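Participant: This is the structure I want to talk about, given as structure tokens.
2 protein chains.
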Amino acid sequence: MFNNLRQNIEQYVHFTDIEFKALTDKIVVRKMKKRQTFVREGEICRHVGYINDGLFRCLSLTEDGVERVEHFGVTGEWISEYPSFPTQTPARQTIEALRDSEVFLLSYDSLQTLYDNPKVERFVRLLNEAMSSENRLLINEIRHAVPEERYRLFMSLRPDLIEQVPQHYIANYLGMTPVSLSRIRRRMLSY
Amino acid sequence: MFNNLRQNIEQYVHFTDIEFKALTDKIVVRKMKKRQTFVREGEICRHVGYINDGLFRCLSLTEDGVERVEHFGVTGEWISEYPSFPTQTPARQTIEALRDSEVFLLSYDSLQTLYDNPKVERFVRLLNEAMSSENRLLINEIRHAVPEERYRLFMSLRPDLIEQVPQHYIANYLGMTPVSLSRIRRRMLSY
DNA sequence: TTAATTTATTAACAATTGTTAATGAAAAAA
DNA sequence: TTTTTTCATTAACAATTGTTAATAAATTAA
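So the protein lines, in turn, are chains A and B. Counting in the working numbering, the first sequence runs from 1 upward without gaps. Counting in the working numbering, the second sequence runs from 1001 upward without gaps.
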């Protein structure tokens, strides 16, 4: 049941069976249908989730009420709303399942209890450091790339998503119009 | 001497005088001249620094050997290379003082020792969570903004830097040419 | 101080992207 | 199945940005 989760954690710290069980005892397994939401804008995100199997998108609404796709979460990744989850404040984003999914939930309160074990604190610190490293790289790649380059980067970083996610969601995620993405794809065929 | 540093830390966790002294005992104060480097590309970043007074830029080189400004660090902020510092691997960026500066250095090894106190671990976790929240916001603002909007965002987020940093560094940081930034500024005057 | 270098602005042209609208294909709902 | 909705592509035009080059101002070095 929790084999993949255990492998994910052991990348960062080693847990004994007892320590791992202390963690899994707090987990609630949730099966989600396509289009169900993990958290909605304005709600407080009460859980962090390990995606045991699934596909999610995080989206926000601009002032004009236009959807903005900000993140995709796939099997084997952690998902939650930042800063809503760590600070328990209202979420800016909505997180929605793009297909039927299964997530392992840890509530904010459970996690605070688990922090009594410094190994858990260390695990989350290391997870956040890895995330920060990734984010810093991403920020600069994006900032210095025109839409075509962003799509090329996306293809190289997330080839799995090209197959799974509707193209207009990818276009939106990359900060361009579906029309522009379609043109870029056509241009790339002729190289 | 360490008043500002203490205030910075107390935003996240409360340290007793003894705990704070344990930390400052590990600190090395470094005065840096303009253009001196904190770490260079290819080196391992051995320290994290609290900028007690100063101004820094982080830059990398593209494949074509072109400089890319990726970050500015100002007084009161922490600076180091990610992932070089947390993983002790070669740095991708160079960090350079833009004016005479003073930083409080903590070495990687000292920090590992300090982690024996779970409060330090917690402080760094919270610092990273705050950084992750910021980065996620930034990623999406950037991804969905054209150069002019990026400059407007930069003005609202970092008005202090407009004064202090040469304009072509800001243009580079924002992923546009100095020519384009100059045009944007002119356009904005006529609104 | 004088000379050399760096920096910001402006102009002209090429290239890419956004916008709007139309079409056909694919997927979902009735 | 039939109908409706969603999705990807293409075209035409407007707007913005990149590129290159020239100039003047400001800063730095000699």
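Backbone N, C-alpha and C define an ideal beta-carbon position, used for all residues, glycine too. Predicted, not measured: the structure shown is a model, and the values here were computed from it.
1) Three or more C-beta pairs under 8 Å: does that hold for the segment 1038-1046 of chain B against the segment 1079-1098 of chain B?
2) Rounded to whole angstroms, how far is the Cβ of V165/A from the Cβ of F20/A, which I believe are closer than 8 Å?
3) Helix, strand or coil for I18/A, going by three-state DSSP, please let me know.
4) Starting from the beta carbon of V1165/B, find every residue of chain A whose beta carbon is closer than 9 Å, and list them in chain order.
5) List the whole-angstrom C-beta distance separating E96/A from R35/A, where the pair is believed to meet the contact cut-off of C-beta under 8 Å.
6) Taking C-beta pairs closer than 7 Å, name the residues in chain B that H144/A reaches, listed in chain order.
7) If the cut is a Cβ gap below 7 Å, which residues of chain B does L227/A touch?
8) For R1185/B, report the span of its alpha helix (DSSP H) as first-last.
9) Could you tell me the distance, in whole angstroms, from the CA atom of Q175/A to the CA atom of T1113/B?
10) According to a CB-to-CB cut-off of less than 7 Å, which residues of the segment 110-136 of chain A neighbour chain B?
11) Use the C-beta contact count for M1032/B: other C-beta atoms within 10 angstroms, 16 or more gives buried, fewer gives exposed.
12) Three or more beta-carbon pairs under 8 Å between the segment 179-191 of chain A and the segment 1045-1061 of chain B, yes or no?
13) Rank D1053/B, L1137/B and H1014/B by C-alpha distance to the C-alpha of M1001/B and give the top, closest one.
14) Per DSSP, what kind of secondary structure is R1046/B in: helix, strand or coil?
15) Check N980/B in the structure and name its three-state DSSP category.
16) Would you check if there are 3 or more beta carbon pairs closer than 8 Å linking the segment 1049-1065 of chain B to the segment 1108-1128 of chain B?
17) Which chain B residues sit within Cβ distance under 9 Å of P83/A?
18) Tell me the rounded alpha-carbon separation between V1066/B and L127/A.
19) Against P1178/B, what residues of chain A qualify as contacts under a CB-to-CB distance less than 7 Å, listed in chain order?
20) Per DSSP, what are the beta-bridge partners of I1079/B in this structure?
21) With I1051/B and I1079/B assumed to form a contact (beta carbons below 8 Å), what rounded beta-carbon distance in angstroms separates them?
22) If you follow the beta strand (DSSP E) that M32/A is in, where does it begin and where does it stop?
23) Hey, which unbroken runs of the alpha helix (DSSP H) at 4 residues or more fall wholly within the segment 135-168 of chain A?
24) Compute the Euclidean distance between the alpha carbons of F1123/B and I184/A, then round it to the nearest angstrom.
25) What residue range is occupied by the uninterrupted beta strand (DSSP E) comprising E10/A?
26) Should H1144/B go down as buried or exposed, given a rule of 16 or more other Cβ atoms within 10 Å for buried?
Facilitator: Walking through what the data contain:
1) yes
2) Going by Cβ atoms, the distance from V165/A to F20/A rounds to 32 Å, so no, they are not a contact pair.
3) helix
4) Residues of chain A passing the Cβ test: none, with the nearest at roughly 16 Å.
5) 6 Å
6) R1068 and G1175
7) Beyond the ends of chain A as shown, which are 1 and 191, falls residue 227/A; an answer cannot be given.
8) P1178 to L1189
9) Just to set this straight, residue 175/A is Gly in the shown sequence, not Gln. Approximately 43 Å between the Cα atoms of the pair.
10) P118, E121, R122, V124, R125, N128, E129, M131, S132, S133, N135 and R136
11) buried
12) no
13) D1053/B
14) coil
15) Residue 980/B falls outside the range modelled here, since chain B spans only 1001 to 1191, and no answer is possible.
16) no
17) E1129, A1130, S1132, S1133, E1134, R1136 and L1137
18) 32 Å
19) Here the premise fails: no neighbours, minimum Cβ distance about 14 Å.
20) G1049/B
21) 6 Å
22) V28 to M32
23) 147-157 and 159-164
24) 45 Å
25) No beta strand (DSSP E) contains E10/A, which is instead part of the alpha helix (DSSP H) from N3 to E10.
26) buried
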